[in-house]
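With the numbering used here applied, the sequence shown covers 3 to 193.
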Amino acid sequence: MKSNISLVAFLTSLFLITGCTPSNSLKTNETKKEHVISKVDEKVLKMVDSEEQFSYLTNLSEEELKSYKQFAEEYDTKYLKVFSPENILLIYIHSAVIDDIEAIYALAYMEGESLEFDNFKDKYYKHLNISNMEIALDFRYYDSIQVKQEESNGLFVELLVTYGRFTATTLMELKKENDIWKVVLPNLFNK
């Protein structure tokens, strides 16, 4: 009888220990998760409240904006002769964001090939549209843009963005054509 009481007491205490511990632990974890989620929500709300309308053209001077608007109306690159390679790249990315295929066509350096616009458009949407949109989204709040490497026939522009401890960069090649910097499109595009 004494062993039965001891066994019942042991099983009861074991049941209480195992039965209560997970739920207490679960409640503690849920409280921690709710606290973390509320902190994240608070940070997101602060970001949304302080967010300004983003544009890749924000850093263009007034004169450059006027030239860009003329370019966007006529798609004549003569208006972009004084633009730095960095600003040409920003205009190119901006054009991808707003899906201005005519501007992209005008800013594309195609290694001496002359593609008719309709052919260019088909190839662009087939091979480059998605990757250009990913670049536009990934580097939306870029931290810096600078010429990274110059070569005799062109240069590379680096776009850099930092998200907390994560840093991402992309290099895009530009070459001059008729004294205007143009974005070199990947070889895949020319196939």
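For every residue, glycine included, the Cβ atom is placed at its ideal position computed from N, Cα and C.
Selection 66, 104, 152 evaluated against residue 75 yields 104 as nearest (Cα-Cα). Taking all protein chains in view, the Cβ of residue 84 is surrounded by fewer than 16 other Cβ atoms within 10 Å, so the residue is classified as exposed. By the neighbour-count criterion, in which a residue is buried when 16 or more other Cβ atoms sit within 10 angstroms of its Cβ, residue 70 is buried. Bounds of any alpha helix (DSSP H) do not take in residue 186; it lies within the beta strand (DSSP E) bounded by 182-186. DSSP places residue 100 outside both helix and strand once states are collapsed to three, so it counts as coil. By the CB criterion at 8 Å, residue 140 and residue 162 fall outside the cutoff.
Counting only unbroken stretches of 3 or more residues, the beta strand (DSSP E) elements lying wholly within the region 102-165 are 146-153, 156-165, in sequence order. If the five residues before and after residue 95 are omitted, its C-beta is found closer than 6 Å to the C-beta atoms of 58, 138, all from its own chain and listed in chain order. As a beta-bridge residue in DSSP terms, residue 178 pairs with 183.
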